[in-house]
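This report refers to the structure that appears directly beneath it.
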Amino acid sequence: MHPSHSHFRNVVDDITRQISYHESIVEKLREKRQAAQTELDSLVYPVLTLPPEITAEFFLWCLPTSSGGTEWNQVRALDEAPMLLCHVCSAWRDIAFSTPALWANMKLQVLPLYSADLFRAWIARTRDCPLSVHLYHFGRTSQAIFETLVDCASRIQCLELVDISVARLLQMEQACSAWDFRSLQRLTIVQDKDDHASIGAFADTPLVREVFLDKVPPRNISLPWHQLTKFTGRMYSTEDCLEVLRLCPNLVECTFAAYGRHPDDILTHPTLQSLTFIMGHSGWSVADGTHLLGCLVLPALQSLYILDCDYSEFADIFTGFLSRSSPPLRKFGIHLSEATGTNLQMAHLLLMPELVELEIWDPDMICADGFFNLFTSNASFLPKLQQLALTGSPIRTLPKGPPSEESSRHLLATAALALTHRWQARQEGQSAELKSFRVVWSHVVDLDEKVLAPFKKLAAEGMNIKIVSQNRVYV
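So that you can map any letter, position 238 of the sequence shown is 235 in our numbering, and since no number is skipped, the others follow by simple counting.
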């Protein structure tokens, strides 16, 4: 007689109970094993005993750093934080994924297919954290990227769009009729080529204070210009530079790569405190901002750096600017090209009595000798100077001559006399305030102990002395 259906049901139920019983035993064993493993890990890896919030703080200190002020995290970089931290162990991965600030500063190359998915994943990990976003090398399809930007735009404090075409910028504007950049404080746009289309996505940015534009003249972008306190414009004509200064009455710090001759009218900007001219190229013209000084009056200017000026008229332009503005300059740096090596006249420096920091790139012997001789003989010459630096190639005997070791040694001998004179005057309670002298050469120079001894003596007495060249430290 065959067993009944009820018999088989009882057998199945009995086996099920046994399975449940043994599964509960296995689960308890797993829990004991995990507890034992945790105890073992705490002995072998004490770092795992830290509270998660402490570990998260350590993780933030592992992020890449940069001198630019923003710590960009490459989205695809598996060999640095935060992605590197996720490959150590599951505990660290869980902590990393639950730390929004770890993912808040992202740098992503915009390519077709997978870039949008990566971008969305990083954005999701930031939760409600404020964001800094750097997007570059925009590919053929960026619509999904822009749609993700729409969702997080209100949290973005710093936005950088690099090597982006106007077509992509217009696509970005069309992705959303009204961008919500309520938190944006810093904006960078670097176009891949010159274009004349108008950009309106950033017109309503109530907190923006810093803007960097490359190949985007002021007439082609709508911004709350009156709010800006810091601006950088690259590949700008002198007319573009003047327009920015007119539009930004509260500007404090400004950098230009400018080209073209200045117009005849004079512009006064009463609040600008820092101005830097950098080198660049625009078509066949070498960008040189020194001509812009010919039409400016900057009575509040405290910091001026002129890098790679390349016009023979520089001396007259600069003299006129200093005479008109009478700026209270405290920091001044200049890169003297071969064409203008003798054009930094001592009369220019005599018009800067408040100068505290001075840096000269690639000075020739005529300039250096004149400087240190006057520095020794005239106590009223730069009386408040505290930091002096000579940077670049070793000294040239002639403005267009090659670097000369003999001239470089002669410069240091002359400098030693001048520095010793000022240092002694400072110790005797006179007005001299020199505290630091730095020479950084791009080529190795052979210097004997006789040349270096006076500097070592000054360093031993408390002056900050640094004399270095490529792969060599002298003092």
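From the three backbone atoms N, C-alpha and C, an ideal C-beta is built for every residue, glycine too. Here the structure is a predicted model, which means the values were calculated and not measured.
DSSP, reduced to helix, strand and coil, places residue 329 within a strand of the structure shown. Per DSSP, residue 343 lies in no beta strand (DSSP E); the unbroken alpha helix (DSSP H) holding it starts and ends at 343 to 347. DSSP places residue 252 in the strand class (E or B) of the three-state scheme. In this structure, the alpha-carbon of residue 345 lies about 55 Å from that of residue 113. Distance from the CA atom of residue 236 to the CA atom of residue 245, rounded to whole angstroms, is 14 Å. A straight line joining the alpha-carbon of residue 258 with that of residue 240 spans about 15 Å. The segment 87 to 100 makes no contact with the segment 164 to 183: fewer than 3 CB pairs, one atom from each, lie closer than 8 Å. The distance from the Cβ of residue 353 to that of residue 371 is about 18 Å, inconsistent with a contact at the 8 Å cut-off. Taking C-beta atoms under 8 Å as the contact rule, residue 274 and residue 287 qualify, at a distance of about 7 Å. Beta-bridge partners assigned by DSSP to residue 461: 433. Nearest to residue 190 by alpha-carbon distance, out of 232, 430, 153 and 224, is 232. Between residue 444 and residue 416, the beta carbon gap of about 16 Å keeps them out of contact (Cβ cut-off 8 Å). Excluding residues up to 5 positions away in sequence, 217, 218 and 219 lie with their Cβ nearer than 8 Å to the Cβ of residue 195 in the same chain. In the DSSP assignment, residue 86 falls outside any alpha helix (DSSP H) and carries neither an H nor an E. Inclusion of residue 387 and residue 357 in the CB contact set at 8 Å is warranted, their separation being smaller than that value. Remark: C-beta atoms of residue 313 and residue 332 do not approach each other more closely than 8 Å. For residue 149, the uninterrupted alpha helix (DSSP H) segment begins and ends at 140 to 149. In this chain, the beta strand (DSSP E) harbouring residue 130 covers 128 to 133. In the DSSP assignment, residue 234 falls outside any alpha helix (DSSP H) and lies within the beta strand (DSSP E) extending over 227 to 234. In this structure, residue 325 sits near residue 299, with a CB-CB distance shorter than 8 Å. Distance from the CA atom of residue 462 to the CA atom of residue 402, rounded to whole angstroms, is 20 Å. The criterion of a C-beta distance shorter than 8 Å is not satisfied by residue 126 and residue 150.
Inclusion of residue 205 and residue 186 in the CB contact set at 8 Å is not warranted, their separation being larger than that value. For residue 120, the uninterrupted alpha helix (DSSP H) segment begins and ends at 112 to 123. The beta carbon of residue 227 lies closer than 6 Å to those of 207 and 250 in the same chain, with the five residues before and after it left out. When rounded, the separation of the alpha-carbon atoms in residue 31 and residue 47 is 18 Å.
CA-to-CA, the gap between residue 385 and residue 103 works out to about 38 Å. For residue 272, the enclosing beta strand (DSSP E) covers residues 271 to 274. Under the three-state reduction of DSSP output, residue 77 falls in the coil class, being neither helix nor strand.
When DSSP states are grouped into helix, strand and coil, residue 354 belongs to the strand group. Spatial neighbours of residue 77 in its own chain (CB-CB distance under 6 Å, excluding positions within 5 residues in sequence) are listed in chain order as 61.
Listed as beta-bridge partners of residue 70 by DSSP are 103. For residue 375, the closest C-alpha among the options 157, 117, 419 and 295 is that of 419. Taking the Cβ atoms as the reference, residue 289 lies roughly 5 Å from residue 255, within the contact range of under 8 Å.
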